[in-house]
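The letter at position 647 of the sequence shown is residue 713 when you use the numbering used here, and the numbering goes up by one with no holes.
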Amino acid sequence: MPTHPLRLLLIEDNPFDADLFRRTMQQFNPAATINHISSYHAAYEHVQGLSPADVPYEGVVLDLHLRDGDGLDLLALIRSQNLPLAVVILTGGGGDHMVISALKAGADDYVIKRDDYLDRIGAIIEQACLRFHSQQARRSMAIQVTVIEFSPTDTETTIQYLQRTAPHIHCKHIRGWNALRHELDRGHQVGDVVLINCTQPTLAMLDLVKELLQFRQLSQPIIVMAQPGNEEFPLQALRLGVADYIIKREGFLGQLAIAIENAHYRTQLYQQHRRLQLQAQALNDAANTIVITDRNGIIEWANPAFTTLTGYEVSEVIGRSTRILRSGKHDRAFYTELWEQILSGKPWRGRIINRRKDGSLYHEEMTITPVADEHGQIYRFIAIKQDISDQVAREQRRAIIATIGASLRPAQLWSELTPILLGQVREVMQAESIALLRSTESILQIDLALDCLASLEQQPALLAVVTERLSRTDAPIELTDIFGTSTKVVLGVPLNAANRQIGALLFTRATPLSEFEMKLLSDIAELAANALHRTDLFEQLRAANAELRAAYDETIEGWSRALDLRDRETEGHSRRVTELTIRIAARMGFSEEELVHIRRGALLHDIGKMGIPDAILLKPGPLDEQEWAIMRTHPTLAVEFLRPITFLAPALDIPWCHHEKWDGTGYPRGIRGEEIPLAARIFAVVDVYDALTSDRPYRAAWSQERALAYIREQAGRHFDPRVVEVFEQVITEIGSNAIMK
Numbered sequence: 067m068p069t070h071p072l073r074l075l076l077i078e079d080n081p082f083d084a085d086l087f088r089r090t091m092q093q094f095n096p097a098a099t100i101n102h103i104s105s106y107h108a109a110y111e112h113v114q115g116l117s118p119a120d121v122p123y124e125g126v127v128l129d130l131h132l133r134d135g136d137g138l139d140l141l142a143l144i145r146s147q148n149l150p151l152a153v154v155i156l157t158g159g160g161g162d163h164m165v166i167s168a169l170k171a172g173a174d175d176y177v178i179k180r181d182d183y184l185d186r187i188g189a190i191i192e193q194a195c196l197r198f199h200s201q202q203a204r205r206s207m208a209i210q211v212t213v214i215e216f217s218p219t220d221t222e223t224t225i226q227y228l229q230r231t232a233p234h235i236h237c238k239h240i241r242g243w244n245a246l247r248h249e250l251d252r253g254h255q256v257g258d259v260v261l262i263n264c265t266q267p268t269l270a271m272l273d274l275v276k277e278l279l280q281f282r283q284l285s286q287p288i289i290v291m292a293q294p295g296n297e298e299f300p301l302q303a304l305r306l307g308v309a310d311y312i313i314k315r316e317g318f319l320g321q322l323a324i325a326i327e328n329a330h331y332r333t334q335l336y337q338q339h340r341r342l343q344l345q346a347q348a349l350n351d352a353a354n355t356i357v358i359t360d361r362n363g364i365i366e367w368a369n370p371a372f373t374t375l376t377g378y379e380v381s382e383v384i385g386r387s388t389r390i391l392r393s394g395k396h397d398r399a400f401y402t403e404l405w406e407q408i409l410s411g412k413p414w415r416g417r418i419i420n421r422r423k424d425g426s427l428y429h430e431e432m433t434i435t436p437v438a439d440e441h442g443q444i445y446r447f448i449a450i451k452q453d454i455s456d457q458v459a460r461e462q463r464r465a466i467i468a469t470i471g472a473s474l475r476p477a478q479l480w481s482e483l484t485p486i487l488l489g490q491v492r493e494v495m496q497a498e499s500i501a502l503l504r505s506t507e508s509i510l511q512i513d514l515a516l517d518c519l520a521s522l523e524q525q526p527a528l529l530a531v532v533t534e535r536l537s538r539t540d541a542p543i544e545l546t547d548i549f550g551t552s553t554k555v556v557l558g559v560p561l562n563a564a565n566r567q568i569g570a571l572l573f574t575r576a577t578p579l580s581e582f583e584m585k586l587l588s589d590i591a592e593l594a595a596n597a598l599h600r601t602d603l604f605e606q607l608r609a610a611n612a613e614l615r616a617a618y619d620e621t622i623e624g625w626s627r628a629l630d631l632r633d634r635e636t637e638g639h640s641r642r643v644t645e646l647t648i649r650i651a652a653r654m655g656f657s658e659e660e661l662v663h664i665r666r667g668a669l670l671h672d673i674g675k676m677g678i679p680d681a682i683l684l685k686p687g688p689l690d691e692q693e694w695a696i697m698r699t700h701p702t703l704a705v706e707f708l709r710p711i712t713f714l715a716p717a718l719d720i721p722w723c724h725h726e727k728w729d730g731t732g733y734p735r736g737i738r739g740e741e742i743p744l745a746a747r748i749f750a751v752v753d754v755y756d757a758l759t760s761d762r763p764y765r766a767a768w769s770q771e772r773a774l775a776y777i778r779e780q781a782g783r784h785f786d787p788r789v790v791e792v793f794e795q796v797i798t799e800i801g802s803n804a805i806m807k
């Protein structure tokens, strides 16, 4: 039942019929308003006072048989004043000629007062009003007409008539086919309608029609006009595809505007229909699901992709609520917020979990767009849906892999990595027991196992079968059958890296793996294999580095012993000063890595003496000034020897600076205080102490007390006072100079 406002003027002198009409219209459309005038003269005066620009009605219901005048005169008055009113006539008699006369005079429809006319009158009046005002709206839009004239005709008269009676029709006059061809070849438009006007049709006229429709593929409708007696031409033109024809009999001009309008709007409707067909086909063929619902979420239409997405046939869901897809994974607040947004006129975009017909869940990305009517009221929703279950699954797998990877990253050794790996896999895969197998020669052996799978270590035959089965696949497989259990599912996945199998994961759980879990386990296996391979490489590299470092250190110790022998130092001098230097340096906060370099520097502290001539180095008596000058170059020579050896560069502090003094009187550079590297300051104290407490050819060894007294005396001059303090603490803790023996 219509509820939009419908304003009517009722001209009826029978009060009984007027009351029946009012009651009927109120039942048909409660929003309708009716102004009743009961006489011809009152109606004539009222109509005369109306202005075309401000008419308070959509339509007039007019009784033709009024006691004080003729209803046709009122109809003529309405049309002569160009009032935009639909007119429906009422008649209780007078025959068909009265109805025909009224329609010719401009009435839009009629109702004869007989039988059940009241049951029909509401719909007739409403349709007449809609039809009339639709035509009025169309007439407000200009129609461009190209009039093609062949031989002298009445074209000018025709155009002038249209300008006067139908100002919305704008005509362009072209004389002859050549002029039209020139227009078309230059790309000029022919407007909305082509009107061909001729006196005596010829074959050239039909050729023109064929040229326009079949070769030029003109999309605008064509109307042909011909003189009476030449009906064969328009019939032939119709066969070729023209939209309409007019025989120029008496009164034909009155039909021309309607014919042009009809041809134009029929073409528009046809083109619109084609567009709608294309749009409908596009919607039906779209890969994305499209659903149209009413304001309450009741499904009115869906495309075939809906069935692919949800498993429901479209016919199953028409008239049903979209609630049939709800999964139960979202709370009431989620749907409340969604509905509040779309009912406010704003689109909603987001992800949602829905349920298929078979009960399985899926993730979809959805956009819901509200559709409003001409009054701004939301009355439809259009939802576009896309299945993103695979995308969500990939995102979830990536997130899980990222978490496991982050937990494994700090581990550098296989033994550190394996318990973390098994704990993570056990939690993610909901495993009851789990084991990591490691490839050993041609068979997999238990590396670490938790719970019942630990018993595999005592079952070599079973391990051999597991090895054989896992060697034939790169993907997770079920191994339940070879374990002979009916209460658990046993699964295994090989761990392959660097084109070889480095191990396998084995675990038990209560249920088989889903498709998502199978892909996740493959991802975990790849991550685990790479992580384990990394620890293998790290351990191999560490072992190689340890071997290389040991070789370096053995070489350095060999150089140190050789230096002691050449310099005729007491046996073990380099070893003793090195160990005590390391002990003090550790007390003063040096790291393990720094102590390695200090050790090498201490062992090589006199490496520069290799460049001192034997005559000076081994001279039995005291050296003269020139010889001392040469001797004092040995720290610089040490730097020249050692700097090209990259791994010894951090050990240069002691060989270069151990003869520098706290007060700046040392050599080779005469630097002072904390300019001297701390390692060299430490070594300087230890070196002097060892020299004083060791026998030399030119003197006997000093006592520990005497040597310590000298060291204290030189604090602040030769030695760093803070180093001297720590040195004394260490010597006191040792309790004797046993370390020097």
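C-beta atoms are modelled at their ideal positions from N, C-alpha and C, and glycine is treated no differently.
Computed from a predicted model, the values in this text were never measured in an experiment.
Closest Cα partner of residue 157 within the set 302, 83, 774 and 553: Looking at the Cα atoms, 83 is the closest of the given residues.
Supposed contact pair residue 259 and residue 323 - C-beta distance, whole angstroms, cut 8 angstroms: Going by Cβ atoms, the distance from residue 323 to residue 259 rounds to 11 angstroms, so no, they are not a contact pair.
Runs of beta strand (DSSP E) lying entirely within the region 278 to 336, each at least 3 residues, in chain order: When DSSP assignments are scanned along the region 278 to 336, the uninterrupted stretches of beta strand (DSSP E) that are 3 or more residues long and fall wholly within it turn out to be 288 to 292 and 310 to 313.
Length-filtered (4 minimum) alpha helix (DSSP H) runs lying within the region 603 to 683: Positions of the alpha helix (DSSP H) runs, each at least 4 residues long and wholly inside the region 603 to 683, are given as 639 to 653, 658 to 669 and 680 to 683 in order along the chain.
At least three beta-carbon pairs within less than 8 angstroms, the region 566 to 579 to the region 499 to 516: As far as the Cβ criterion goes, the region 566 to 579 touches the region 499 to 516, which means the pair count is three or higher.
Start-end ranges of the alpha helix (DSSP H) lying completely within the region 85 to 152, minimum 4 residues: If we require 4 residues or more, the alpha helix (DSSP H) runs fully inside the region 85 to 152 come out as 106 to 114 and 137 to 146.
Own chain residues within Cβ distance below 6 angstroms of residue 450, not counting five before or after: Cβ neighbours of residue 450 beyond the five flanking positions: 354, 356 and 433.
For residue 536 and residue 521, the rounded distance between their alpha carbons: Rounded to the nearest angstrom, the gap between the Cα atoms of residue 521 and residue 536 is 19 angstroms.
CB of residue 268 within 8 angstroms of CB of residue 238, strictly: For the 8 angstroms CB-CB criterion, residue 268 and residue 238 do not form a contact.
Beta-carbon proximity list for residue 781, same chain, < 7 angstroms, skipping 5 on both sides: Taken in chain order, the residues that qualify are 787 and 790.
For residue 796 and residue 772, the rounded distance between their alpha carbons: Distance between the alpha carbons of residue 772 and residue 796: 17 angstroms.
Range covered by the alpha helix (DSSP H) that runs through residue 174: From DSSP, residue 174 is part of no alpha helix (DSSP H); its letter is neither H nor E.
Pair within 8 angstroms by beta-carbon distance, residue 749 and residue 618: Taking 8 angstroms as the Cβ cut-off, residue 749 and residue 618 do not qualify as a contacting pair.
Residue nearest to residue 303 in terms of C-alpha spacing, selected from 376, 280 and 275: Among 376, 280 and 275, the Cα nearest to that of residue 303 is on 275.
Assigned secondary structure, residue 223 (DSSP; H/G/I helix, E/B strand, else coil): Correct three-state label for residue 223: helix.
Candidates 508, 247, 664 and 305: closest to residue 715 by CA position: Out of 508, 247, 664 and 305, 664 has the C-alpha closest to the C-alpha of residue 715.
Terminal residues of the alpha helix (DSSP H) in which residue 795 lies: Boundaries of the alpha helix (DSSP H) harbouring residue 795: 787 to 800, taken from the DSSP string.
Closest residue to residue 409 among 467, 444 and 106 (Cα-Cα distance): Considering only alpha carbons, the answer is 444.
Distance between residue 195 and residue 133 (C-alpha atoms, nearest Å): Between the C-alpha atoms of residue 133 and residue 195 there is a straight-line separation of about 27 angstroms.
Residue 792 to residue 654 span [Cα, whole Å]: CA-CA distance, residue 792 to residue 654, rounds to 8 angstroms.
Among 689, 310, 245 and 598, the one whose alpha carbon lies nearest that of residue 478: Checked all of 689, 310, 245 and 598; the closest Cα to residue 478 is 598.
Beta-carbon proximity list for residue 555, same chain, < 6 angstroms, skipping 5 on both sides: For residue 555, where only same-chain residues beyond five positions count, the Cβ hits under 6 angstroms are 546, 575 and 578.
Inter-residue Cα distance where the pair is residue 615 and residue 747: Residue 615 and residue 747: Cα-Cα distance of roughly 26 angstroms.
Where residue 597 sits in the DSSP three-state scheme: Looking at residue 597 - three-state DSSP - the assignment turns out to be helix.
Nearest candidate by alpha-carbon position, reference residue 186, set 476, 101, 95 and 680: Checking every option, the nearest Cα to that of residue 186 belongs to 95.
Boundaries (first-last residue) of the beta strand (DSSP E) holding residue 732: Annotation: residue 732 is outside any beta strand (DSSP E) and is labelled neither H nor E by DSSP.
Contiguous beta strand (DSSP E) assignments of at least 3 residues, all confined to the region 544 to 589: You should have 555 to 563 and 566 to 575.
Enclosing beta strand (DSSP E) for residue 366 [first to last residue]: That run of the beta strand (DSSP E) goes 365 to 368.
Collapsed DSSP secondary structure at residue 423 in the structure displayed: Residue state, collapsed to three classes: coil.
First and last residue of the uninterrupted alpha helix (DSSP H) at residue 473: In the DSSP assignment, residue 473 falls within the unbroken alpha helix (DSSP H) covering 455 to 474.
Under the three-state DSSP convention, the category residue 778 falls into: Helix.
Test item: CB-CB of residue 87 and residue 152 under 8 angstroms: No, Cβ-Cβ distance for residue 87 and residue 152 is not below 8 angstroms.
Residue 707 to residue 666 span [Cα, whole Å]: Near 14 angstroms, if we compare the C-alpha coordinates of residue 666 and residue 707.
CB of residue 700 within 8 angstroms of CB of residue 675, strictly: Yes, the pair counts as a contact, with Cβ atoms nearer than the cut-off.
Top-ranked residue by Cα proximity to residue 709, from 448, 722 and 609: Distance check between residue 709 and each of 448, 722 and 609 places 722 closest, using alpha-carbon atoms only.
Sheet register partners of residue 350 (DSSP bridge): According to DSSP, which records beta bridges pairwise, residue 350 is partnered with nothing at all.
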